[in-house]
Amino acid sequence: MLFLPAERLILLLTVILLALSAPLIAVKGVAVDVGAYAVLILGGLAMVGLGQYYRRVRSDEKIATSVTATGVFILFTLAGSVFNYMLLPVFFTPIDPLLVRLDAAVGFDWPVFITWVSGFPFFGSVLQVVYFSSLPQMAVIILALGLFADSVQLQRFMLTGVLGALLAVLFWSFFPSFGTSTVYDLPADLLARMPMAADPAYGRELVRLSREGVTALSPHNVLGLIAFPSFHTIMACMSVVFLARVRFLAIPAVIINLLMVPAILVQGGHHLMDVFGGIAVFYLSYVLSGQILRRHAAPALERRAAAA
Numbered sequence: 004m005l006f007l008p009a010e011r012l013i014l015l016l017t018v019i020l021l022a023l024s025a026p027l028i029a030v031k032g033v034a035v036d037v038g039a040y041a042v043l044i045l046g047g048l049a050m051v052g053l054g055q056y057y058r059r060v061r062s063d064e065k066i067a068t069s070v071t072a073t074g075v076f077i078l079f080t081l082a083g084s085v086f087n088y089m090l091l092p093v094f095f096t097p098i099d100p101l102l103v104r105l106d107a108a109v110g111f112d113w114p115v116f117i118t119w120v121s122g123f124p125f126f127g128s129v130l131q132v133v134y135f136s137s138l139p140q141m142a143v144i145i146l147a148l149g150l151f152a153d154s155v156q157l158q159r160f161m162l163t164g165v166l167g168a169l170l171a172v173l174f175w176s177f178f179p180s181f182g183t184s185t186v187y188d189l190p191a192d193l194l195a196r197m198p199m200a201a202d203p204a205y206g207r208e209l210v211r212l213s214r215e216g217v218t219a220l221s222p223h224n225v226l227g228l229i230a231f232p233s234f235h236t237i238m239a240c241m242s243v244v245f246l247a248r249v250r251f252l253a254i255p256a257v258i259i260n261l262l263m264v265p266a267i268l269v270q271g272g273h274h275l276m277d278v279f280g281g282i283a284v285f286y287l288s289y290v291l292s293g294q295i296l297r298r299h300a301a302p303a304l305e306r307r308a309a310a311a
């Protein structure tokens, strides 16, 4: 099978995460919805296989890279989510109180901000749509970079996302945080005016998981566990930076992801510090992905020079 450097590395990381998760699942006695996961895994493998067909048989590298990236992302996301859940219950004190104090230090008060936004119901609805656009945006980027940019940019996009996720999980495993829904109680009338993705029920479930751990795991009810750093922020940065290379999508990406900042705070129930943390992790991941790809490119250039 023919894989590009980023594809090989991400598949290797996926296997490592699954290898780490398997014994934890067994030791903790977690019941896994095997059927549901099998369907998603087969879907990811099918995309990878289709990518190989276009790469080896049809010699259409643009379609091959887009399809393979989709499959690889599906597989890594599943493995990363399972591994993240296997780190429950948490053994370190959540840092949400610290994040609240840091927000206050820069003049940000989350309940006041939410109350203000709730006075504009239409704006709140727009933010909800924007918040849930993150994953569709990732699909658009894969397609756009595969068709309108070179494979190196798509590889760097993939690596940036994977490294960002790994860094977020690594930090969270030692400094867990679960967001504002675990800290503040909002009035019922406010919640009625402005439904939130990370509502109080969501927060209560996060607190329960942090204390008791998980007993059953299914892709149908997996929650986003990590508040700091915000992975929605990482994805927003990825959209803006990588779609800047696709002219007709660059401006829409900037507009949508400027709105993503208040959407993350409102719909995602994030601290303001979570957003700053996401930006920092994106920058680090972006730099690391470039270095990794340059190291892989150097031997290839040397082989071409020797062959010439």
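First residue of the sequence shown? That's 4 in the working numbering, and the numbers climb one at a time after it. Ideal Cβ placement from N, Cα and C applies to all residues, glycine included.
Proximity of residue i and residue j at Cβ, strictly below 7 Å
i, j, result
"Val217", "Val33", "yes"
"Asp106", "His274", "yes"
"Gly54", "Thr80", "no"
"Gly167", "Ile282", "no"
"Ala342", "Leu246", "Residue 342 lies beyond the residue range present for the chain, which begins at 4 and ends at 311; the question has no answer from this structure."
"Ala152", "Arg248", "yes"
"Pro232", "Val284", "yes"
"Leu102", "Ala9", "no"
"Trp108", "Thr17", "Reading the sequence as shown, one finds Ala at residue 108 and not Trp. For Ala108 and Thr17, no; Cβs fall outside 7 Å."
"Pro222", "Ala39", "yes"
"Arg159", "Leu15", "no"
"Asp63", "Tyr56", "no"
Within-7 Å CB hit, residue i to chain C
i, result
"Ala34", "In summary, chain C is missing from the structure at hand, where a single protein chain is found."
Residue from the options whose Cα sits closest to the Cα of residue i
i, options, result
"Leu78", "Pro8, Leu5, Asp153, Ile44", "Ile44"
"Ser180", "Gly271, Val165, Tyr56", "Gly271"
"Gly122", "Trp175, Met197, Ser69, Gly52", "Met197"
"Ala191", "Ile117, Ala219, Leu146, Val225", "Ile117"
"Met50", "Phe76, Val60, Ala41", "Phe76"
"Met4", "Arg59, Leu14, Thr183", "Arg59"
"Gly227", "Phe178, Asp63, Tyr187, Ser84", "Ser84"
"Phe178", "Thr73, Leu15, Leu91", "Leu91"
"Leu157", "Thr68, Gly182, Tyr56, Val264", "Thr68"
"Gly127", "Val155, Leu262, His299, Ala41", "Leu262"
"Val120", "Val264, Tyr289, Val42, Tyr286", "Val264"
"Gly74", "Phe174, Val42, Gly46", "Gly46"
"Val244", "Met276, Ile144, Phe95", "Ile144"
"Met276", "Val42, Thr96, Leu173, Gly110", "Gly110"
Counterpart residues of residue i in DSSP-defined beta bridges
i, result
"Ala219", "Ala34"
Separation of residue j from residue i, as counted between CA atoms
i, j, result
"Leu304", "Val132", "Any answer about Leu304 is weak, because its pLDDT of 37 lies below 50 and its placement is not dependable; what the coordinates show is given next. One C-alpha to the other measures close to 45 Å."
"Asp36", "Ile66", "32 Å"
"Glu215", "Leu12", "34 Å"
"Ser176", "Leu170", "10 Å"
"Leu7", "Pro114", "47 Å"
"Leu146", "Phe251", "14 Å"
"Arg307", "Phe279", "Note that Arg307 scores 40 on pLDDT, short of 50, meaning its location in the model is unreliable and no value can be drawn from it."
"Ala239", "Ala230", "15 Å"
"Arg211", "Val93", "11 Å"
"Pro124", "Leu194", "11 Å"
"Gly164", "Asp188", "33 Å"
"Gly182", "Arg61", "47 Å"
"Ala309", "Leu209", "Reliability of the predicted coordinates at Ala309 is poor, the pLDDT of 41 falling under 50, and the value obtained from them is presented with this limitation in mind. Whole-angstrom Cα-Cα distance: 56 Å."
"Leu48", "Leu291", "27 Å"
"His299", "Ala253", "28 Å"
"Leu148", "Ser154", "7 Å"
"Gly206", "Ser213", "11 Å"
"Leu287", "Ile19", "22 Å"
"Gln225", "Arg104", "Position check: residue 225 holds Val in this sequence, whereas Gln was assumed. Cα to Cα, Val225 sits roughly 29 Å from Arg104."
Residues of its chain near residue i, where Cβ-Cβ distance is below 8 Å and the 5 sequence neighbours each way are ignored
i, result
"Ile259", "Val133, Ser136, Gln140, Ser242"
"Leu23", "Phe86, Met89"
"Leu220", "Ile28, Val33, Ala34, Val35, Asp36, Val85, Tyr88"
"Pro203", "Ser184, Asp188, Leu189, Leu194"
"Gly293", "Arg159"
"Ala311", "The predicted position of Ala311 is uncertain, since its pLDDT is 38 and thus under 50; a value taken from the coordinates is nonetheless stated next. For Ala311, where only same-chain residues beyond five positions count, there are no Cβ hits under 8 Å."
"Ile98", "Phe178, Pro179, Ser180, Phe231"
Cut-off 6 Å between Cβ atoms - residues of its own chain near residue i, not counting five sequence neighbours on either side
i, result
"Leu150", "Lys65"
"Val129", "none"
"Phe234", "Ala171"
"Tyr289", "Thr163"
Residues near residue i by beta carbon distance below 7 Å, same chain, minus five either side
i, result
"Met199", "Val269, Gln270, Gly272"
"Leu21", "Ala82"
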